[in-house]
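Trainee: Residue numbers (this note's numbering), protein chains in the order written: chain L, 14 to 130; chain S, 465 to 734.
Note that beta-carbon positions come from the ideal geometry of N, C-alpha and C, so glycine has one too.
I'd like to ask some things about the structure below.
Here it is, written out as structure tokens:
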């Protein structure tokens with residue numbers, strides 16, 4: 014057996030490994046390619062607001078911009094299964110920590126993820 | 465009306481300049497008036513590959529800034545009357561490559577030429593984006609290797625979103641795959657991504673497969689575009705790629721083991 018292994022070393026098909034790795038990484042990168050630049054900030058804000066009521070971790074939230082037919086969709090998925098609910102006093106959550114005011118949204122034009130036609 | 469073709473890749477060192485020189489010279493050999501422009505501001509090299517480095521007086525940035533006329537900067541190739549080289553500047557000021565200036569230069573070139581070949585710098589910074597912005601067609605130069613394929617995918621995405629055609633909702637830039645430094649030997653051993661693998665991942669039309677060839681280094685040593693060497697397998701592959709670009713059907717060479725004649729085998733020549 015040893016002699017056979019020595020004479021005919023088993024060559025791993027590394028090209029196949031390369032192909033599989035590329036397919037996985039590119040599927041992920043293509044999905045995020047057209048994402049608008051504000052997505053990370055939006056994600057952070059959403060976590061902060063929801064976090065006032067429920068204990069959430071960043072990996073529970075998924076924000077995507079996609080298309081369904083002719084409609085552009087902003088898709089927000091937040092998984093709170095098993096998350097701990099925070100106490101609410103007099104029907105209101107504790108106030109957000111004071112931060113600089115958010116920049117005013119310019120709502121006059123189309124949403125930034127909508128391609129002009 | 466001239467067609468603007470960008471050679472781009474994202475990754476460096478995959479053979480963009482070699483391919484730009486070869487394709488430009490190949491188009492010129494087919495009787496097309498062709499100019500090849502170096503967009504790699506600060507790292508001029510097309511002049512060396514084309515063998516005209518000692519004839520550079522004015523450059524792209526001089527013309528953009530109005531310090532020189534277009535015909536003062538264009539260098540006529542000594543081997544083919546249809547071929548012109550437009551060198552870039554060695555300035556370190558990358559912002560000198562202004563988009564409006566480039567547009568003006570391209571518009572002027574369009575009147576005189578059939579094909580304008582833009583040799584892009586590596587990366588996805590200002591220079592690379594400017595090189596691809598005005599393109600009608602793109603040739604994505606890719607090596608059968610993971611980082612090159614990934615960067616090519618990125619560049620294909622940028623062409624589809626950041627080019628002039630994308631921004632103005634025109635017909636998209638038509639992108640072609642040019643697979644370079646291909647080694648059939650290593651593909652057969654399972655050590656290298658095959659042309660089918662890369663094609664499946666990037667899914668853009670295949671323009672050509674250029675075999676890894678010693679003749680490419682010899683050609684760059686002497687400043688000769690590889691298509692001028694009829695003996696070179698790489699040169700023949702570029703000639704085929706140019707023919708396909710012009711709409712001809714040519715079977716892919718160097719992707720299947722070729723039958724070698726006994727005579728050649730005895731001589732030990734590929």
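Cβ atoms of residue 510 of chain S and residue 572 of chain S: under 7 Å apart, would you say?
Mentor: The residue you call residue 572 of chain S lines up with position 108 of the second chain. The residue you call residue 510 of chain S lines up with position 46 of the second chain. No.
Trainee: Could you check if residue 542 of chain S is buried or exposed, using at least 16 other CB atoms within 10 Å of its CB as the buried criterion?
Mentor: Taking the second chain and counting its residues from 1, one reaches residue 542 of chain S at position 78. The residue is exposed, with fewer than 16 neighbouring Cβ atoms inside 10 Å.
Trainee: Determine, for residue 31 of chain L, whether the minimum Cβ-Cβ distance to residues of chain S falls below 7 Å.
Mentor: Against the first chain, residue 31 of chain L aligns to sequence position 18. At least one chain S Cβ lies under 7 Å of residue 31 of chain L.
Trainee: Short check: CB of residue 594 of chain S to CB of residue 623 of chain S, under 7 Å?
Mentor: By one-based count along the second chain, residue 594 of chain S stands at place 130. By one-based count along the second chain, residue 623 of chain S stands at place 159. No; because the gap between Cβ atoms is not below 7 Å, this pair is not in contact.
Trainee: Starting from residue 449 of chain S and walking both ways along the beta strand (DSSP E), at which residues does that stretch end?
Mentor: This structure cannot settle anything about residue 449 of chain S, because the visible part of chain S is limited to 465 through 734.
Trainee: Please list, in chain order, the chain S residues whose beta carbon lies closer than 7 Å to that of residue 39 of chain L.
Mentor: The count along the first chain starts at 1 and reaches residue 39 of chain L at position 26. Per Cβ cutoff of 7 Å: 614, 617 and 665.
Trainee: Take residue 664 of chain S as the anchor and find which of L:39, L:66 and L:48 has the nearest alpha-carbon.
Mentor: Position 200 of the second chain, counted from the start, is the residue given in the question as residue 664 of chain S. It is L:39 whose Cα lies nearest to the Cα of residue 664 of chain S.
Trainee: Helix, strand or coil: which one does DSSP assign to residue 576 of chain S?
Mentor: For the purposes of this step, residue 576 of chain S is identified with residue 112 of the second chain, where counting begins at 1. DSSP places residue 576 of chain S in coil when its eight states are reduced to three.
Trainee: Where does residue 612 of chain S fall in DSSP's three states?
Mentor: Position 148 of the second chain holds residue 612 of chain S. Note: residue 612 of chain S maps to helix in three-state DSSP.
Trainee: Please list, in chain order, the chain S residues whose beta carbon lies closer than 7 Å to that of residue 26 of chain L.
Mentor: For this step, residue 26 of chain L is matched to residue 13 along the first chain. Within chain S, the residues near residue 26 of chain L are 654.
Trainee: Return the chain-ordered list of same chain residues with a C-beta closer than 7 Å to the C-beta of residue 698 of chain S, the five sequence neighbours on each side being excluded.
Mentor: As a working mapping, residue 698 of chain S is identified with position 234 in the second chain. Correct list, in chain order: 674, 675, 677, 679, 680 and 690.
Trainee: Nearest to residue 581 of chain S by CA position, among S:704, S:482 and S:672, is which residue?
Mentor: Residue numbering aside, residue 581 of chain S sits at position 117 when the second chain is read from its first letter. Selected option, being the one with the closest Cα: S:482.
Trainee: What does the alpha-carbon distance come out to for the pair residue 468 of chain S and residue 597 of chain S?
Mentor: By one-based count along the second chain, residue 468 of chain S stands at place 4. By one-based count along the second chain, residue 597 of chain S stands at place 133. If I take the Cα positions, the gap works out to 10 Å.
Trainee: Spell out whether any CB of chain S is found under 7 Å from the CB atom of residue 35 of chain L.
Mentor: Locating residue 35 of chain L in the first chain gives position 22, where the first residue counts as 1. Chain S, which has a Cβ nearer than 7 Å to the Cβ of residue 35 of chain L, makes this yes.
Trainee: Find out if the Cβ-Cβ distance for the pair residue 684 of chain S, residue 513 of chain S is shorter than 7 Å.
Mentor: Looking up residue 684 of chain S in the second chain gives position 220. Looking up residue 513 of chain S in the second chain gives position 49. Result yes, Cβ atoms of residue 684 of chain S and residue 513 of chain S sit closer than 7 Å.
Trainee: Please report how far the alpha carbon of residue 50 of chain L lies from the alpha carbon of residue 612 of chain S, in whole angstroms.
Mentor: Numbered from its first residue, the first chain carries residue 50 of chain L at position 37. Numbered from its first residue, the second chain carries residue 612 of chain S at position 148. Distance between the alpha carbons of residue 50 of chain L and residue 612 of chain S: 25 Å.
Trainee: Residue 610 of chain S versus chain L: which residues are under 7 Å apart at the beta carbon?
Mentor: Residue 610 of chain S sits at position 146 when you count from the first residue of the second chain. Per Cβ cutoff of 7 Å: 31, 34 and 35.
Trainee: At the level of alpha carbons, what is the spacing between residue 645 of chain S and residue 505 of chain S?
Mentor: To locate residue 645 of chain S, count along the second chain from 1; it is residue 181. To locate residue 505 of chain S, count along the second chain from 1; it is residue 41. Rounded to whole angstroms, residue 645 of chain S to residue 505 of chain S spans 25 Å at the Cα level.
Trainee: List, in chain order, every chain L residue whose beta-carbon is nearer than 9 Å to that of residue 658 of chain S.
Mentor: As a position in the second chain, residue 658 of chain S is number 194, starting the count at 1. By Cβ distance, chain L contributes 28 and 32.
Trainee: Is residue 69 of chain L helix, strand or coil when you go by DSSP?
Mentor: Along the first chain, one-based indexing puts residue 69 of chain L at 56. Reduced to three states, the DSSP call for residue 69 of chain L is coil.
Trainee: For the putative contact between residue 657 of chain S and residue 32 of chain L, defined by C-beta atoms under 8 Å, what is the C-beta separation to the nearest angstrom?
Mentor: Within the second chain, residue 657 of chain S is the residue found at index 193, counting from 1. Within the first chain, residue 32 of chain L is the residue found at index 19, counting from 1. 6 Å between Cβ atoms; contact.
Trainee: Under the rule that 16 or more other beta-carbon atoms within 10 Å means buried, what is residue 472 of chain S, buried or exposed?
Mentor: Taking the first residue of the second chain as 1, we reach residue 472 of chain S at position 8. Buried, since its Cβ has 16 or more Cβ neighbours within 10 Å.
Trainee: How many angstroms separate the CA atom of residue 668 of chain S from the CA atom of residue 563 of chain S?
Mentor: Indexing the second chain from 1 puts residue 668 of chain S at position 204. Indexing the second chain from 1 puts residue 563 of chain S at position 99. For residue 668 of chain S and residue 563 of chain S, the distance between alpha carbons rounds to 27 Å.
Trainee: Of all the options S:605, S:630 and S:693, which has the alpha carbon lying nearest to the alpha carbon of residue 474 of chain S?
Mentor: On the second chain, position 10 is the one that residue 474 of chain S refers to. It is S:605.
Trainee: Pull the bridge partners of residue 467 of chain S from the DSSP assignment, please.
Mentor: Here residue 467 of chain S refers to the residue found at position 3 when the second chain is read from its first residue. Partner(s): S:579.
Trainee: Does the beta-carbon distance from residue 641 of chain S to residue 666 of chain S come in below 7 Å?
Mentor: As a position in the second chain, residue 641 of chain S is number 177, starting the count at 1. As a position in the second chain, residue 666 of chain S is number 202, starting the count at 1. Cβ atoms of residue 641 of chain S and residue 666 of chain S: closer than 7 Å.
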